[in-house]
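Just so you know, the sequences run in chain order E and H.
According to the numbering used here, the first sequence is numbered sequentially starting from 512.
According to the numbering used here, the second sequence is numbered sequentially starting from 223.
Backbone N, C-alpha and C define an ideal beta-carbon position, used for all residues, glycine too.
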Amino acid sequence: MKTAAELNMIARDIRIDALRGIHAAGSGHPGGSFSVTDILTALYFGVMNVDPADPCMEGRDRLVLSKGHAAPALYATLAHRGFFDPEEMLSLRHMGSFLQGHPDMHKCPGVEISTGSLGQGFSAAVGMAIADKLDKKDRRTFVVTGDGELQEGIIWEAALQAAKYGLDNLIAVVDWNNLQIDGVVDTVKKVAPVDAKFAAFGWEVFNVDGHDMQALLDTFEKALKVSGKPVCIVAKTVKGKGVSFMENQAGWHGKAPNDEQLAQALKELGGEM
Amino acid sequence: MADVKKTATREAYGKFLVEYGAEREDLIVMSADLSGSNKTDGFEKAYPERFIECGISEQDMMAEAAGIALSGHVVAASSFAMFAAGRAYEIVRNSIAHTKANVKVCATHGGITVGEDGATHQTFEDIALMRVLPDMKVIVPADAVSTKILMKQEFDTDGPAYFRLGRSGVPEIYIEGSDAASQLKVGKAYEIMEGNDVAIIANGIMVAAAMEAAMELRERGVKARVIDMHTVKPIDEDAIIRAAEECGHIVTAEEHSVIGGLGSAVAEVTAQKCPCRITMVGQHDCFGESGKPAELLKKYGMTAEDIVKAALQ
Ligand SMILES: Cc1ncc(C[n+]2csc(CCOP(=O)(O)OP(=O)(O)O)c2C)c(N)n1
Ligand SMILES: [Mg+2]
Numbered sequence: 512m513k514t515a516a517e518l519n520m521i522a523r524d525i526r527i528d529a530l531r532g533i534h535a536a537g538s539g540h541p542g543g544s545f546s547v548t549d550i551l552t553a554l555y556f557g558v559m560n561v562d563p564a565d566p567c568m569e570g571r572d573r574l575v576l577s578k579g580h581a582a583p584a585l586y587a588t589l590a591h592r593g594f595f596d597p598e599e600m601l602s603l604r605h606m607g608s609f610l611q612g613h614p615d616m617h618k619c620p621g622v623e624i625s626t627g628s629l630g631q632g633f634s635a636a637v638g639m640a641i642a643d644k645l646d647k648k649d650r651r652t653f654v655v656t657g658d659g660e661l662q663e664g665i666i667w668e669a670a671l672q673a674a675k676y677g678l679d680n681l682i683a684v685v686d687w688n689n690l691q692i693d694g695v696v697d698t699v700k701k702v703a704p705v706d707a708k709f710a711a712f713g714w715e716v717f718n719v720d721g722h723d724m725q726a727l728l729d730t731f732e733k734a735l736k737v738s739g740k741p742v743c744i745v746a747k748t749v750k751g752k753g754v755s756f757m758e759n760q761a762g763w764h765g766k767a768p769n770d771e772q773l774a775q776a777l778k779e780l781g782g783e784m
Numbered sequence: 223m224a225d226v227k228k229t230a231t232r233e234a235y236g237k238f239l240v241e242y243g244a245e246r247e248d249l250i251v252m253s254a255d256l257s258g259s260n261k262t263d264g265f266e267k268a269y270p271e272r273f274i275e276c277g278i279s280e281q282d283m284m285a286e287a288a289g290i291a292l293s294g295h296v297v298a299a300s301s302f303a304m305f306a307a308g309r310a311y312e313i314v315r316n317s318i319a320h321t322k323a324n325v326k327v328c329a330t331h332g333g334i335t336v337g338e339d340g341a342t343h344q345t346f347e348d349i350a351l352m353r354v355l356p357d358m359k360v361i362v363p364a365d366a367v368s369t370k371i372l373m374k375q376e377f378d379t380d381g382p383a384y385f386r387l388g389r390s391g392v393p394e395i396y397i398e399g400s401d402a403a404s405q406l407k408v409g410k411a412y413e414i415m416e417g418n419d420v421a422i423i424a425n426g427i428m429v430a431a432a433m434e435a436a437m438e439l440r441e442r443g444v445k446a447r448v449i450d451m452h453t454v455k456p457i458d459e460d461a462i463i464r465a466a467e468e469c470g471h472i473v474t475a476e477e478h479s480v481i482g483g484l485g486s487a488v489a490e491v492t493a494q495k496c497p498c499r500i501t502m503v504g505q506h507d508c509f510g511e512s513g514k515p516a517e518l519l520k521k522y523g524m525t526a527e528d529i530v531k532a533a534l535q
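In C-alpha cells, the structure reads:
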C-alpha cells in the first residue's frame, strides 16, 4: 500500500501527462481534469481492485467517469497505473487514437463505459451496482460526477433508485469545484447544499477536501464500510488545481495551453518539457 | 476556396439574436451552460433580463421554453445539436411540437465538424429526429448570411422550428443585399448553379462542397445543378421534381446520416412523384470519432471529391 505522499507524487505525474496530452491535442479540458486528479489517483492507486494486465478481470471494481470531459485525467491515471504507456497521451484526440476526446470503452483499456454526455454515467453506474447485487458479485462501482453535472435531472432520478435498492456497493464522488462552463455553479443554477440533498435522497454522505490525499483515502475507507445505502462523497476541489493561472478560472474549462503556458504549467507542476 | 472569408453559422446566429432582440422585446434566449459555444453570450450581455440560464439541464430548458413561449414570447433555446435534439427529444416533441409553441430550437455543433470532442458529441441524427415531428420546421443554413436571413423570416413566423448550425467556419456563399440573398425563403430551395446533367442537392456545410464539386465537374464536361436545400421541412417538392425530371440523377449531400436526413427527404419525394436515381453523400450509418474536422470529413466521405465521385456514378 502506497503512502499519501507517494500518491501525491503520482498525481503530479498524472497532471503533467494529462496537460501534455491536451497541449498536443490543441483542445481538451484541463480545469475539470485537474480538479479530479487527486480523487482518481486515490481510487486507482489506493482503493480500487483492478489489474492493468487484465482490464476485464472478473470481480474487479469499476469506475464510471460520468464527467467524461475529464478524460485526460482518467487516461493519464490509467497510463500510470500500467494500463498503457504514458507517452500515448501525446496521441490524445488525434485521428485514429484510442484516446478519444471523451472516454470510449471500445477503444481504451480500463474504460468501463463510454461517457461524455453529462448525467448518463451516473445512472449507468447505478445500473451496474444493481446488476452486481442481482448477480451477487462482491465488488464496488465508483462514479465521479461534476457539480454542474448535478443539474441534470437524470442524476436525481438515479439517486432515488440507488437508495431504493440500498446500493451499498455504489460510491459516488462529486467533484465540487463550484465552476461549470458559464461560470460559478452557485450562480448558473445553484445545486448546493449537495450533502444535504443526497442525505435527503437516502444516501450516506461524507464531505472531504478533494486535494488532501490522506483524507481522501480515509474517507473511501469509511465509505466502503457503509452498509444498506449508497454513499456520496462530496469532494471540495479547485478547478485547474496545481497550475496557478488555471485555478478557479472558468475560462480554463475547455481550452488547451499554448507552448508558453504549457512550459509555465509544467514548471509549476514540477515537470520538464 | 482558400481565400474566401469564413464564418461559422453559430456566429451569425449570435449576431442575429442581438439585432433581433432590439426589434422584439418579447424575445427570450435560453442557454444550458453553453452560452459561449452557442454564441448566445452576446445577447446575454445586451439583454441580461431576457436571458435565461438553465444550467446543464437541456430537458428542463426545452419544457421551460415551451412554458415561456405559450405565455406569449418567442423563445430561442440553444445547446449542442446532440443535446438539443437528442437529449431533449421527447420534450421537444410533446411540449414544443405538439403544443405548437413558438420555440426556435437553435442547435450548434451539428455533425462531424465538431471534431476532437469525438463520437458522443457528433450528431448525425438530429435532422431525422426533428423532421418526423409534425409542425416542426427544419432549417440547415449554408453560411452566415443565409443564417441571418432565414432566421429573421422564421422568427417572424409563429410556431416551432429547428435550426442546425455548425461549429466551424464556412465560406461565404451569399452576399448581403444581393439578388441571391433576396430570393432566400424558408421552404424554398435556392438554385445556386445551373446545369442539367446532374443535380446536387445539399445543405449546411455541404453546399460549399457541392459548389466546389460542380466546378470540378464542369472541367470534366459535366454540368451540375447545385441546389441549396436549406429547409428540409417543409421541403421544396417542386425543386426536387424539376431536378429529377431535368437532370435524371440527383446527388444529395449532407453532414448527417444518409438515413433519415436530407437524402431521405428528397427520396421520399422522388419515390412518390417522379422516380429518379439518387446517390447519397453523408454519414453512412456509423458513429464518428475524434479528429480534425477536415480529416474526419475525408475519412467519412463528405468532401467535394466524394460529391464528384457520386455525380459521376
Ligand atoms: C448532456 C450534456 N450537456 C452539455 C454538455 C457540455 N458540457 C461539457 S462539460 C460541461 C460543464 C460541466 O461542468 P461540471 O459538471 O461542473 O464539470 P467540471 O467543473 O468538473 O469540469 C458542459 C455543459 C455535455 N457534455 N453533456
Ligand atoms: Mg464543476
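The criterion of a C-beta distance shorter than 8 Å is satisfied by Glu779(E) and Val754(E).
With a 10 Å radius around the Cβ and a threshold of 16 neighbouring Cβ atoms, Glu663(E) comes out buried. With a cut-off of 8 Å on Cβ pairs, the segment 355-367 of chain H is in contact with the segment 423-435 of chain H, counting three or more such pairs.
Between Glu517(E) and chain H, the shortest Cβ-Cβ separation is not below 8 Å. Taking 9 Å as the upper bound on Cβ-Cβ separation, chain E lies near residues Cys276, Gly277, Ile278, Ser279, Glu280, Gln281, Asp282 of the segment 276-291 of chain H. Listed in chain order, the non-local C-beta contacts of Asp720(E) below 7 Å within the same chain comprise Ala726, Lys747, local neighbours out to five positions each way being set aside. Exposure of Val354(H) is indicated by the presence of fewer than 16 other C-beta atoms within 10 angstroms of its C-beta. Straight-line spacing of the CA atoms in Ala535(E) and Glu598(E) works out to 11 Å. For Lys747(E), there is no enclosing alpha helix (DSSP H); the residue is found in the beta strand (DSSP E) stretching over 742-747.
For Glu623(E), the nearest beta carbon of chain H is not closer than 8 Å to its own beta carbon.
With a threshold of 16 other beta carbon atoms within 10 Å, Ser544(E) meets it and is buried. The residue from Pro382(H), Ala421(H), Asp378(H), Gly236(H) with its alpha-carbon nearest to that of Lys407(H) is Asp378(H). Thr321(H) and Pro356(H) have their C-alpha atoms roughly 10 Å apart. At a cut-off of 8 Å, the C-beta of Leu629(E) has a neighbouring C-beta in chain H. For Val684(E), the enclosing beta strand (DSSP E) covers residues 681-687. Look at Asp549(E): its beta carbon is at least 7 Å from all of the heavy atoms in ligand 1. Residue-level contact by beta carbon fails for Asp528(E) and chain H, as no gap is shorter than 8 Å.
Contacts with chain E (Cβ-Cβ distance below 8 Å) from the segment 252-277 of chain H involve Ser253, Asp255, Leu256, Ser257, Gly258, Ser259, Glu275, Cys276, Gly277, listed in chain order. Annotation: Cβ neighbours of Lys514(H) in chain E (cutoff 8 Å, chain order): Met606. Spatial neighbours of Asp615(E) in its own chain (CB-CB distance under 7 Å, excluding positions within 5 residues in sequence) are listed in chain order as Val622, Ser625.
The three-state reading of DSSP puts His478(H) in strand, counting E and B together.
Membership of Thr730(E) in the alpha helix (DSSP H) is indicated by the continuous run 724-736.
Contact between Cys743(E) and Val685(E) holds, with the beta-carbon distance rounding to 7 Å and staying under 8 Å. Distance from the CA of Glu338(H) to the CA of Ala776(E), rounded to the nearest whole angstrom, comes to 23 Å. For Asp720(E), the enclosing beta strand (DSSP E) begins and ends at 715-720. Scanning its chain for C-beta atoms nearer than 8 Å, with the 5 sequence neighbours on each side dropped, one finds around Gly570(E) the residues Asn560, Lys648, Asp649, Arg650, in chain order.
The continuous stretches of beta strand (DSSP E) do not include Thr379(H), and DSSP gives it neither H nor E. Sequence-distant Cβ neighbours of Asp549(E) in its own chain, meaning closer than 7 Å and more than five residues away, are Ala522, Gly721, His722, Met724, Leu727. Under the rule that a run must span 3 or more residues, the beta strand (DSSP E) segments found entirely inside the segment 520-597 of chain E read 573-576. For Asp658(E), the distance from the CB to the nearest heavy atom of ligand 2 is below 7 Å.
Three or more Cβ pairs closer than 8 Å define a contact, and the segment 631-640 of chain E meets that threshold against the segment 575-593 of chain E. Under the 8 Å Cβ criterion, the segment 326-346 of chain H counts as touching the segment 508-521 of chain H, having at least three qualifying pairs.
Residue pairing by DSSP puts Arg386(H) in a beta bridge opposite Ala329(H). Taking the Cα positions, Ala329(H) is about 29 Å away from Ala636(E).
In the displayed model, Glu771(E) falls within a helix according to three-state DSSP. If you check each beta-carbon in the segment 339-351 of chain H against every beta-carbon of chain E, the ones closer than 8 Å belong to Asp339, Gly340, Ala341, Thr342, His343.
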